[in-house]
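In UniProt numbering, the protein residues as written are 1 to 268. Input: a single structure, listed below in structure tokens.
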DNA sequence: CCTATGATGTTCT
DNA sequence: GAACATCATAGGA
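Following this line, the structure appears as structure tokens:
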């Protein structure tokens, strides 16, 4: 076992984002940099280290809006059956507060076979099928019926595998190869790259999951988070569509849809 | 970079 | 039968 591994207490990173403030302590940051280097250097992460980085149940114990913000900068990690690991930083999310929101699948407390996951415990994965061929991946928040849609991830590890997964569904992949920022720049694109589907992951809790989980990540400063309207919900009506419930990391190339006006207003 | 259009089939009413 | 928390492609700037 490497010396680094034993020097990192497994509980050290648990709940660092769960304090009332978003900012980390300086010594916390230092350890994170060490871990980040290991990840970037493509070094195999030992099991204890991976466990140390994983978020626990408390991480998801917030309403969908706060959770959507807190997830930015965190890592989505997927381990395949063959042991390959892919990892990416979450850079775009949407909040679906639930029963009071027309755009939410649980509006008015609606309960169907499809949306059952949204009433399960915080940290549960809600994967649904849409437009005849795509999946969307959500994480259930604290309040029953609320969830966060993961809209974009920026690849940091295992890009080769992501390309293979994405190419299986794109005919022109050979003539027009993927750029890094095209691999996971949309809710269904990331599901294809990470091989997240309903059969494997709907209603599965991400806490303690061996194949899909969230790890602590970068602390995104508030002035780097753009707040905008959600995508693809015009059918829900103006009132719901105008709500500012989409959040993304300013200037990240993997963001699916940029809101120039919101970015300009923020720059002032 | 941008906009327009067709694909596709589960899920719900 | 209608709706759909989308994407790949073609073509223009």
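Just so it is clear, CB atoms sit at the ideal spot from N, CA and C, and this is done for glycine as well.
Taking the Cβ atom as the reference point for each residue, do residue 64 and residue 125 lie within a distance shorter than 7 angstroms?
no
For the structure I just gave you, are there three or more beta carbon pairs, one from the stretch 108-127 and one from the stretch 234-252, closer than 8 angstroms?
no
Could you check if residue 260 is buried or exposed, using at least 16 other CB atoms within 10 Å of its CB as the buried criterion?
When all chains shown are included, residue 260 counts as exposed.
Would you mind working out which of 188, 142, 197 and 208 sits nearest residue 53, comparing C-alpha positions?
208
Mind listing, in chain order, the continuous beta strand (DSSP E) runs of no fewer than 3 residues lying wholly within the stretch 178-223?
212-215
State the CB to CB distance for the pair residue 73 and residue 263, rounded to an integer number of angstroms; the pair is presumed to be in contact (CB under 8 angstroms).
So it is not a contact: roughly 18 angstroms between Cβ atoms.
Would you check if the stretch 159-171 and the stretch 97-112 touch, i.e. whether three or more CB-CB distances between them fall below 8 angstroms?
no
Just to confirm, are residue 157 and residue 78 a CB contact at a threshold of 7 angstroms?
no
Residue 89, enclosing beta strand (DSSP E) - first and last residue:
85-96
Could you give the DSSP three-state label for residue 252: helix, strand or coil?
coil
Within 10 angstroms of the Cβ of residue 112, are there 16 or more other Cβ atoms? Answer buried if so, exposed if not.
exposed
Sub-7 angstroms separation of residue 127 and residue 189 beta-carbons
no
Considering only their Cβ atoms, is the gap separating residue 234 from residue 302 smaller than 7 angstroms?
Since the first residue shown for the chain is 1 and the last is 268, residue 302 is missing from the structure and cannot be characterised.
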